[in-house]
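Numbering (UniProt numbering), first residue to last: 1 to 464. No residue lacks a Cβ here, since even glycine has one placed at the ideal position from N, Cα and C.
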C-alpha cells in the first residue's frame, strides 16, 4: 500500500519517530549524561574499513607532537557538521568522554562524509589556558583534535568535581540492538601498562544477553568466540558485562570497575524549518496550499548562488529565530546540491548567527523551500523530489536506507558524481520528513498521536 492510498483511506500511521533505534542504558553511580547517536553506529558491512590494529608503537603517544595541527584540516567541514548534530538522534559522528582526560571518537571517512565503525582514544590535558590533545587515529593531524580544540566548552567536562573516574579499567559507552535479542556493545579497556592513559583498547561484543556471541579486540585482529581463550581485555569486558546483565559466563578471572554512559535524545533540527508540502503523489484535495509547488530541480548552472532571503535562520534555536541584518556583513560558502541525477556545486550567502558563540562559526541561511530544496546544514542541499523519491520507495517496497543509497550512488555514476553516505542521507530524510505537513490525518481519531499499541513491520523499525 502506497503512502497516497494510506492517506486516502485515513488509516493509522503514527508520526515518524526520530529515536527509533536508540537504546537507553540504566546508569550506576559513575554515570554521565552525554549525547551519542546510535543510528550512526549501525553495523556496516562492505563499505567500512577494517578495525585498525593498535601496536606498541602507537600505544604511547607523544602529546606535544600531536597537539600541533593545521587550522584547515581536509575533511574537517563534513566532520564538524556531523558532530554539531550529534545531540540529535540521527547525528553523523560519535564522541564520548569516558574519563576526566580521555574521550572515544569515531573514525571519519572524508570522501563519503560519514562516520566509520572504527573507534579511537583521544587524550586532552588543560595546561594553563591551552588545551593539549593527542589522538590514536592514523592521521597525524586529524579532525578529532581540531574539533575538540574549537568546541571544548560544549563537548568536554573538565570540572574536578565531575563524576568521571580518572582512569577506569572498563567503560561500556555504547549498546544497541542490531537484530532480535542481539545487541552490539563497545567497551574501552585499559591495558596492563599504567604509564599512559592512552594505553587502552577497544573491545566489541555482538550477541545475546546470555553471553553467546562474538568478541573482538582491536589489539588482536582475530575474532574471539565465547569460551575460546579470550585475551585479557575481552576477559575484563566480559566480567563487566556479566555484572551488569547477570550473565553466567565461565572463565571470568579479571575484575574491573565500570562506568558507562547514557544516550541522550533531542530534537532533530536543520537550517530549513518552514512546513513543507507532502509529495505530489500523496497530496489530497483538502491539503493546505502552503506555497506554490516548485518545479523539480534536476540541474543548476555552475557556481549558482542561493541568496539570502526573509526565511533565513540558524539551527541553534527554534524558539527565537535569528533575523537577517542588512547592516551586518554577508559571506559566501561553497555547498553541494544533491538531485535525482547527480550532484552540482553551488554557493550560498550566509550571515554569522548573533545567538551562537563566535567560536562555533554558526551561520544563518535561507530555508529554500520555494525552490524545492531542503537546506540541511548550509553546505548540504537536497532537492525535495529526491527526498520524496525515497519516501515513495520506502512506503511501497520497504527499502532500507543503505540499499537505497547504494542504488542511488550507482545511478550517480552516469553523471560522474558520488552520492552522500547513508548516515548523512538518513539525517537529511528524518529532518525533512518531520517538516512535511500531512494535516494530522495519519493519527488515530480515538487514540490521538500517541496510541498505546502500534504495529510496525521489521524494516520500518530497523531502517536498514
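TODO: Report yes or no: do the segment 278-290 and the segment 446-453 share at least 3 C-beta pairs separated by less than 8 Å?
DONE: no
Task: CB-CB length for residue 436 against residue 297, believed under 8 Å - done: Not a contact, Cβ separation roughly 18 Å.
Task: Cβ-based burial, residue 236 [other Cβ within 10 Å; buried from 16] - done: buried
Task: Limits of the unbroken beta strand (DSSP E) element including residue 186 - done: 182-190
Task: Sufficient close CB pairs (3 or more, under 8 Å) joining the segment 137-147 to the segment 171-191 - done: no
TODO: Please report the Cβ distance between residue 182 and residue 208, rounded to the nearest whole angstrom; I am assuming they are in contact, meaning their Cβ atoms lie under 8 Å.
DONE: 6 Å
Task: Sufficient close CB pairs (3 or more, under 8 Å) joining the segment 386-403 to the segment 343-356 - done: no
TODO: With DSSP as the reference, please indicate the residues paired to residue 375 in a beta bridge.
DONE: 381
TODO: May I have the straight-line CA-CA distance separating residue 369 from residue 363, to the nearest angstrom?
DONE: 18 Å
- [ ] Put residue 417 into one of helix, strand or coil per three-state DSSP.
- [x] coil
- [ ] Taking only the alpha-carbon atoms, compute the straight-line gap between residue 60 and residue 202 and give it to the nearest angstrom.
- [x] Because the pLDDT at residue 60 is just 36, under 50, the model does not fix this residue reliably, and the value given afterwards should be weighed accordingly. Cα to Cα, the separation comes out at about 15 Å.
- [ ] Return the chain-ordered list of same chain residues with a C-beta closer than 7 Å to the C-beta of residue 341, the five sequence neighbours on each side being excluded.
- [x] 298, 299 and 415
- [ ] Note down the Cα distance separating residue 468 from residue 337, rounded to an integer number of angstroms.
- [x] Because the chain is modelled from 1 through 464, residue 468 falls outside the range shown and cannot be assessed.
- [ ] In angstroms with no decimal places, state the Cα-to-Cα distance between residue 115 and residue 402.
- [x] 14 Å
- [ ] Assign residue 325 to one of two classes, buried (16 or more other C-beta atoms within 10 Å of its C-beta) or exposed (fewer than that).
- [x] exposed
Task: Which of helix, strand or coil DSSP assigns to residue 451 - done: coil
Open item on the list: Which residues does DSSP list as the beta-bridge partners of residue 345?
Closed with: 336
- [ ] Return the first residue and the last residue of the alpha helix (DSSP H) that residue 503 is part of.
- [x] Lying outside 1 to 464, the shown extent of the chain, residue 503 is not represented and no answer is given.
- [ ] Just confirm the distance between the C-beta atoms of residue 152 and residue 131, as a whole number of angstroms; I'd bet it's less than 8 Å.
- [x] 6 Å
Task: Beta-carbon gap between residue 213 and residue 205 smaller than 7 Å - done: yes
Open item on the list: Within the continuous beta strand (DSSP E) that includes residue 149, where are the two ends?
Closed with: Careful: residue 149 lies outside any beta strand (DSSP E), inside the alpha helix (DSSP H) at 143-150.
TODO: Would you tell me roughly how many angstroms separate the C-alpha atoms of residue 136 and residue 103, rounded to the nearest one?
DONE: 11 Å
Open item on the list: My output table needs one value for residue 203: the three-state DSSP class, helix, strand or coil.
Closed with: strand
TODO: With a threshold of 16 other CB atoms inside 10 Å of the CB of residue 410, please say whether the residue is buried or exposed.
DONE: exposed
Open item on the list: Using only CA atoms, which one of 428, 398, 327 and 405 lies nearest to residue 379?
Closed with: 428
Open item on the list: Quick check: residue 425 and residue 366, are their CB atoms within less than 7 Å of each other?
Closed with: no
Open item on the list: I need the boundaries of the beta strand (DSSP E) containing residue 104, first residue and last residue.
Closed with: 102-109
TODO: State the DSSP-derived secondary structure class of residue 445, mapped to helix, strand or coil.
DONE: coil
Task: For residue 135, three-class secondary structure by DSSP - done: strand
Task: Cβ distance (whole Å) where residue 376 is taken to contact residue 271 below 8 Å - done: 7 Å
Open item on the list: What does DSSP give as the partner residue(s) for residue 121 in the beta ladder?
Closed with: 104
Task: Bridge partners - residue 298, DSSP secondary structure assignment - done: Per DSSP, none; premise fails for residue 298.
Task: Environment of residue 50 [buried if 16+ CB atoms lie within 10 Å] - done: For residue 50, the predicted model reports a pLDDT of 35, less than 50, meaning its position is unreliable; a value from the coordinates is still stated below. Result: exposed.
Open item on the list: Mapping the DSSP letters down to three states, classify residue 428 as helix, strand or coil.
Closed with: helix
- [ ] Verify whether the separation of the beta carbon atoms of residue 101 and residue 119 is less than 7 Å.
- [x] no
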